[in-house]
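Colleague: Before I ask anything, here is the structure I am working with.
Chains as they are written, first to last, in our numbering: chain A, 1 to 111; chain B, 1001 to 1115.
Dropping the structure here:
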């Protein structure tokens, strides 16, 4: 994905709700995707990854869904907690050793 | 140890200064990366080292000079920077280049301000 604009899309949820963060990717040949979480003042932290031979992968409280037909990726966070507040980036493998990051979505969780 | 460390945390430098950013990992990873991240933007790849050799340079200006002295260390030498180079500089590492996992482990970054 390409970064556009100066404003991060923001998703505001209440604590305990389920959150869904979406990402569109551009390269139909991409075969690997990653979700990262970046808290303020920190580097990106790995959440979950998925390969293109899968449609769904689950982790602890998180699920990633991959729809290759429409080149769409989503991250679902169950029972969202205040500690989940951060910017979430999807990234796609764009060649040998190279990841390209999407624009990012800010998740705000209110108690 | 699953940590990537970066020093310094913050750096303020003038346009005529020379400074260096340092990155270290002890996970046995053989690929290391430098990214630049501007506010409210995603990280952008600058350089990749594989087995201590530069494998990717994303057309970065020569005022940024990377160095990989050994498999655990990565430096970024800075000289004659411009104010627009002010950003968060992130270091990352990953396992075997071209291996099964593409997961990159990131350090906390160095917040650079060029005055």
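Note that CB positions come from ideal geometry on N, CA and C, so glycine has one too.
Would you report the Cα separation of residue 65 of chain A and residue 1003 of chain B, rounded to the nearest angstrom?
Modeller: Rounded to the nearest angstrom, the two C-alpha atoms are 28 Å apart.
Colleague: Any beta-carbon of chain A closer than 9 Å to the one on residue 1031 of chain B?
Modeller: Yes, contact with chain A.
Colleague: Run the CB neighbour count on residue 96 of chain A, radius 10 Å, all protein chains shown included, and call it buried at 16 or more, exposed below.
Modeller: Per the 10 Å Cβ criterion, exposed.
Colleague: Is residue 1114 of chain B close to chain A, meaning its C-beta is less than 9 Å from at least one C-beta of that chain?
Modeller: Output row for residue 1114 of chain B: interface = no.
Colleague: For residue 103 of chain A, which of A:19, A:16, A:25, A:70 has the nearest alpha-carbon?
Modeller: Considering only alpha carbons, the answer is A:25.
Colleague: Answer with buried or exposed for residue 1009 of chain B, where buried requires no fewer than 16 other C-beta atoms within 10 angstroms of its C-beta.
Modeller: Residue 1009 of chain B is exposed by the Cβ-count criterion.
Colleague: Roughly how far, in whole angstroms, is the beta-carbon of residue 74 of chain A from the beta-carbon of residue 20 of chain A, given that I think they are within contact range, below 8 Å?
Modeller: Contact holds; Cβ gap of about 6 Å.
Colleague: Counting along the chain, where does the beta strand (DSSP E) carrying residue 1042 of chain B start and finish?
Modeller: That residue, residue 1042 of chain B, is in no beta strand (DSSP E); it is neither H nor E in DSSP.
Colleague: Measuring alpha carbon to alpha carbon, tell me which residue in B:1084, B:1070, B:1082, B:1089 is nearest residue 1076 of chain B.
Modeller: Taking only the C-alpha atoms, the option nearest residue 1076 of chain B is B:1089.
Colleague: With a cut-off of 9 Å, does the C-beta of residue 1109 of chain B fall near any C-beta of chain A?
Modeller: Yes - at least one Cβ of chain A is within 9 Å of the one on residue 1109 of chain B.
Colleague: Would you grab the beta carbon distance between residue 1102 of chain B and residue 1094 of chain B for me? Rounded to a whole angstrom, and I think it's under 8 Å.
Modeller: So it is a contact: roughly 7 Å between Cβ atoms.
Colleague: Is there a Cβ from chain A that is less than 9 Å from the Cβ of residue 1087 of chain B?
Modeller: For residue 1087 of chain B, the answer is no, since every Cβ of chain A falls outside 9 Å of its Cβ.
Colleague: Rounded to whole angstroms, what is the Cα-Cα separation between residue 88 of chain A and residue 94 of chain A?
Modeller: So the alpha carbons of these two residues sit roughly 19 Å apart.
Colleague: Should the region 48-64 of chain A be called in touch with the region 1028-1035 of chain B, which here means at least 3 C-beta pairs below 8 Å?
Modeller: No, the region 48-64 of chain A does not touch the region 1028-1035 of chain B.
Colleague: When Cβ atoms are compared, which residues of the region 71-100 of chain A fall closer than 7 Å to chain B?
Modeller: Taking 7 Å as the Cβ-Cβ cut-off against chain B, the residues of the region 71-100 of chain A that qualify are 89, 93, 96, 97, 98, 99.
Colleague: Helix or strand or just coil, what does DSSP make of residue 55 of chain A?
Modeller: Three-state DSSP puts residue 55 of chain A in coil, outside helix and strand.
Colleague: Just the chain A side, please: which residues come within less than 7 Å of residue 1095 of chain B by C-beta, in chain order?
Modeller: Per Cβ cutoff of 7 Å: no residues; residue 1095 of chain B is ~11 Å from chain A at best.
Colleague: Alpha carbon to alpha carbon, how far is residue 92 of chain A from residue 98 of chain A? Give it in angstroms, no decimals.
Modeller: Near 8 Å, if we compare the C-alpha coordinates of residue 92 of chain A and residue 98 of chain A.
Colleague: For chain B, check one thing: does any of its Cβ atoms lie closer than 9 Å to the Cβ of residue 113 of chain A?
Modeller: It is not possible to answer for residue 113 of chain A, since the shown part of chain A is limited to 1 through 111.
Colleague: Find the residues of chain A that neighbour residue 1022 of chain B, judging by a C-beta separation of less than 7 Å, and give them in chain order.
Modeller: Neighbours of residue 1022 of chain B on chain A: none; closest Cβ ~15 Å, over 7 Å.
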